[in-house]
Structure formats: structure tokens, C-alpha cells
Amino acid sequence: MSHHARVEEVSDSDPDDMDPADFDPAAFSANSIISPADIPSSSTSRPPPQPQVPPQPTVAQPANRDIPRNYQCLYPVYFDKTRSRAEGRKVSKKLAVENPLARDILDAVQVLGLRVALEPEKLHPKDWANPGRVRVLLKTEDGTPVTDVVKNKHHLYIKVAQYLRAHPTTEESPFRLRIRGLPVPEKPIPAPATPRGWKIGTILPFHSPALTGGGVSDNPFKEAMLEMQQQGLGGDMPSIPGMPGMPGMPGMSGSAPEPKKKKDKKKGKA
1 MSHHARVEEV SDSDPDDMDP ADFDPAAFSA NSIISPADIP SSSTSRPPPQ
51 PQVPPQPTVA QPANRDIPRN YQCLYPVYFD KTRSRAEGRK VSKKLAVENP
101 LARDILDAVQ VLGLRVALEP EKLHPKDWAN PGRVRVLLKT EDGTPVTDVV
151 KNKHHLYIKV AQYLRAHPTT EESPFRLRIR GLPVPEKPIP APATPRGWKI
201 GTILPFHSPA LTGGGVSDNP FKEAMLEMQQ QGLGGDMPSI PGMPGMPGMP
251 GMSGSAPEPK KKKDKKKGKA
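Counting in full-length UniProt numbering, the sequence shown runs from 1 upward without gaps.
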């Protein structure tokens, strides 16, 4: 089963102020918001039938609703130790952590007593493999602060980072997020194989495109051609000049062209 997450445009300078403006309630699916009231805390979870993986109840999905524009946005990449500031990190290297997950960020905000919502399908454009966005209410629509615990969004980043450092991500962490209709594996999924130079977490949510798609391909064009051949579409493909050796396509030969024979020039007698 494959989930196609939606990537939204986010400004590098201040993505928090731009994401809520791009919110489209008409296209917002029933699985896009998880109310914190419907997510049980770790202290009230039921006794696990399996000792290795504590079960988490399936999260009930509320009706579609609009999240106010004044809710701040939190993405896992903001706290990712492997990322630079230009790559999306918002906290110092000292406060950043490895493999941050949106579900753990939700816990961090709940500890602060703030109003919060989780959008599990939302993606930051610089972190496509780690879905999940947390929306937090810091100020009312007229700009009035709702709490004295957090002064501003930068202070919120620090508070969340401190919580994440005190509660490191483990292989069991993805099991804490249950989405209705998404099957949960019996054991942790290994980290996806990625090309050199790509930055993808080693622990990801189960609905991550990097996991549901089987990892990242080093040669996506080759895999696409192979898939078309398996579906019997090879004979319908037009000839592409300058690309010899592609089987199953008219005008293309699987063997290299034979070299022309050179004619021997005989010297005439003097």
C-alpha cells in the first residue's frame, strides 16, 4: 500500500508564516488532522499484548475542519541534527537530534499545555522522506499570547528540542502513530537504501514515501523503462534518436552497429 504525500511550498526565510496561508480545507482529507485529545498519552496506554511493541489505539479521525492561519508550524527537519541551517534546521547543532518525528514533536507541545494539531501527511519540501507537521497556537488572531510558558516561536523551537533530546527516537517510535487504513508492520522497518549524498533519516514514519516506495532509486529512468516493458508498453514507445540499445522499442537495436570495413588501397606500380 502506497501513500502519496503532498509537498507544499515553504519559504526558506520563514516557512511558518507561509504554510498556513497555503492551507486548502476543500482538499484536506479526513486523515490529515489528528486531534491531541484523541491521542492517548504514553502514561495512559493499555497493557501491551506483545512485550516488545506497546500497542497504540487507532486514532479517531475528526471531521474536516480548517486550522486557523495563526497556528505556527513545526516540521521534524527543524530539529534534525544531520541538516544545516540552509537545509531546514531551525535550532542550534547542540540542541538538534537524530531522526526527529512529528509524533514526538506533538508530545513535546502537549507537555507545554498548548493547543496543537497533527497533520501526518504534510511534508517540508526539503525533507520529503519524513512526513508530518504539527500546528501550534501561540497567539490569538488579534496577536494576544495564549501562554506565558512560550514567548515566541523561536522559544518554542528550543522547548521542543529540549524535549526531543530528553526522549530520543528509537526503532519503536514509529509504532506510536496509528493512522486509520494504514497497516502497521509486525517489526521495525530497516532504513531505506539511499544514494550517496542524500540525507534521509534512518528511522521514519511507516507512511513515509521512502518506505512505501521501496527506497530511492539510483536509476529511476531505467526502472521506469523496465516497468513499461513488463506492462507490455514497450512496442508502443516511439523511437528516440541517439539512444541505442533500449530493447522493446522500434528503431532501436540491442546490439551495437557493425563497423564499416576499410578498403585496402593498393599502391600502383611505378
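Positions of the beta carbon are idealized from the N, C-alpha and C atoms, including for glycine.
Do Arg165 and Leu137 count as a contact pair if the criterion is CB distance below 7 Å?
no
Suppose you measure from the CA of Ser84 to the CA of Glu98; what does that come to, to the nearest Å?
13 Å
Short check: CB of Leu177 to CB of Arg103, under 7 Å?
yes
So what's Tyr78 in DSSP terms, helix, strand or just coil?
helix
At which residues does the beta strand (DSSP E) containing Ala117 begin and terminate?
116 to 119
Where does Arg135 fall in DSSP's three states?
strand
Within 10 angstroms of its Cβ, does residue 280 collect 16 or more other Cβ (buried), or is it exposed?
The first residue shown for the chain is 1 and the last is 270, placing residue 280 beyond what the model contains.
Local Cβ density within 10 Å of Ser92, reported as buried at 16 or more and exposed below that
exposed
Figure out for me which residue from Ile105, Leu204, Tyr75, Pro125 has the closest Cα to the Cα of Val171.
The amino acid occupying residue 171 in the given sequence is Glu; Val does not appear at that position. Nearest C-alpha to Glu171: Leu204.
So Ala129 packs on Ser208, CB below 8 Å; how close in whole Å?
5 Å
Coarse secondary structure for Glu150, derived from DSSP in three states:
Sequence inspection shows Val at residue 150; the Glu mentioned does not correspond to that position. Looking at Val150 - three-state DSSP - the assignment turns out to be coil, as it is neither helix nor strand.
Since Gln72 sits in a beta bridge, which residues does DSSP pair it with?
Val136
In angstroms with no decimal places, state the Cα-to-Cα distance between Ile105 and Gln72.
13 Å
Measuring only the C-alpha atoms, how far is Lys81 from Gly201?
10 Å
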